[in-house]
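For the sequence shown, counting from 1, position 134 maps to 133 in numbering that gives the first Met the number 0; every step adds exactly one. Ideal Cβ positions, reconstructed from N, Cα and C, are used throughout, including at glycine. Here the structure is a predicted model, which means the values were calculated and not measured. Here's the structure, in structure tokens; my notes come after.
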Amino acid sequence: MSDFHIRASIPDDAVGIAAVHWTTRRAVFGELLSAEHWKTETLGTRTEGWMRILAAGNKALVAEVGDKIVGFAMKNPSGPHLGHPPVRAIELHELYVDPNFHGTNVGHALLENILPPGTSAQLWTYATNPRARKFFQRAGFLPDGVTVTDPDTDVLEVRLVR
């Protein structure tokens, strides 16, 4: 297990969060998403986005090893997703862990801190992401039968609820 700690994000964390977000997406979805997609989803665009998100006062939880961010999680009030109304008040919006730290309990600790066990919530994940689906199933999240194809990526998403 890695020696990590979890804390609330600050605006200066945008670069570290963006690096984890983009690196993980490239590692996990690199072949799933089109080459055209990766021309617009760059580390630079992720960094700009996280700078805006955190500057606006939004908070995430970050996991750090030393002074390096190795994972992050963010929840929001649920809203409609591609035409589907929410079924839970809270949505886990993001949970990403640097691939070098998969299997180190970082993801589990982030999830438990942002959504304590038993907290009713929903999330959307790619149907073709077996690692995430298994991870969330162990935490009590199950598919509710609702799926949607993301028009930006042309990838099928599944809603998981707890």
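In this structure leucine 42 does not touch alanine 72 by the C-beta definition: roughly 20 Å separates them, more than the 8 Å allowed. Within the stretch 61-122, the runs of alpha helix (DSSP H) that reach at least 4 residues and sit entirely inside it are, in chain order, 105-113. Secondary structure of proline 129 (DSSP, three-state): helix.
For glycine 139, the CB contacts under 7 Å within the same chain, skipping 5 residues up- and downstream, are Arg161 in chain order.
Judged by DSSP secondary structure, isoleucine 52 falls outside any beta strand (DSSP E) and instead within the alpha helix (DSSP H) spanning 42-54. With fewer than three CB-CB distances shorter than 8 Å, the stretch 143-153 does not count as touching the stretch 103-111.
The stretch 48-59 and the stretch 81-89 do not touch, with fewer than 3 CB-CB distances between them shorter than 8 Å.
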